[in-house]
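*Asks:* Here this note's numbering is used: position 63 in the sequence shown is 49, and no number is missing along the way. So that we are looking at the same thing, I have put the structure below in structure tokens.
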Amino acid sequence: MFTKIKKRDGRHAAFDAKKITNAIAKAGAATGEFGEDIAHRLMLKVLSIAQDTLKDEPTVEEIQDIVEEVLLSSPYRSTAKAYIIYRDQHAKIREIKAGMGVDLIDQYLTKIDWKVNEN
């Protein structure tokens, strides 16, 4: 069993399998296909695959990739699709947030921003 997980920002956190169950349960509830009990069983499959294929400290992305695989191989296709779309949307949001700060600072430094020019 894993004890640590590497977050997207590079931090290391305690591995909590309950978070996997919660994510799968939320996806199942959103589509109405299943609840907490099935989410727990799917989480066990995720952990089994992760232990066979991943190193001592997996990343959040690696675990989420395995969740996708497990959902796609299950009879819960609508939930798999919803989970994949949700992940993609949140990846785009992270990209936008990451780019916004840099772009605004660059605009300020080069005085492209009209507010800076007006002052």
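Glycine included, each C-beta is placed from N, C-alpha and C at the ideal position. Small disclaimer: the values here were computed from a predicted structure and weren't measured.
Nearest CA to the CA of K12: which residue from P44, K(-7) and L57?
*Replies:* Of P44, K(-7) and L57, the residue nearest in Cα terms is L57.
*Asks:* Might you give, ordered along the chain, the residues of its own chain that have their beta carbon closer than 7 Å to the beta carbon of I10, omitting 5 neighbours on each side?
*Replies:* Contacts found: A25, L28, M29 and V53.
*Asks:* Mapping the DSSP letters down to three states, classify K(-8) as helix, strand or coil.
*Replies:* Correct three-state label for K(-8): strand.
*Asks:* Pull the bridge partners of T45 from the DSSP assignment, please.
*Replies:* Looking at the DSSP assignment, T45 forms a beta bridge with K(-8).
*Asks:* So who's on the other strand from H(-2), going by DSSP bridges?
*Replies:* DSSP, once it has assigned bridges, lists K(-8) as partnering H(-2).
*Asks:* Do you know how far the Cα of E81 is from the Cα of T(-11)?
*Replies:* Their backbone Cα atoms lie some 29 Å apart in a straight line.
*Asks:* DSSP on S34, reduced to helix/strand/coil?
*Replies:* In this structure, S34 counts as helix in the three-state DSSP scheme.
*Asks:* Can you tell me whether G18 is buried or exposed, with buried defined as 16 or more other CB within 10 angstroms of its CB?
*Replies:* Exposed, because fewer than 16 other Cβ atoms sit within 10 Å of the Cβ of G18.
*Asks:* Quick one: is I(-1) buried, meaning 16 or more other Cβ sit within 10 Å of its Cβ, or exposed?
*Replies:* Here the sequence assigns Ala to residue -1, which means Ile is not the residue at that position. Exposed.
*Asks:* Among T45, D51, S64 and Q75, which residue has its Cα nearest to the Cα of K31?
*Replies:* Closest option to K31, Cα to Cα, is D51.
*Asks:* Distance, Cα to Cα, R73 vs D(-5)?
*Replies:* Approximately 16 Å between the Cα atoms of the pair.
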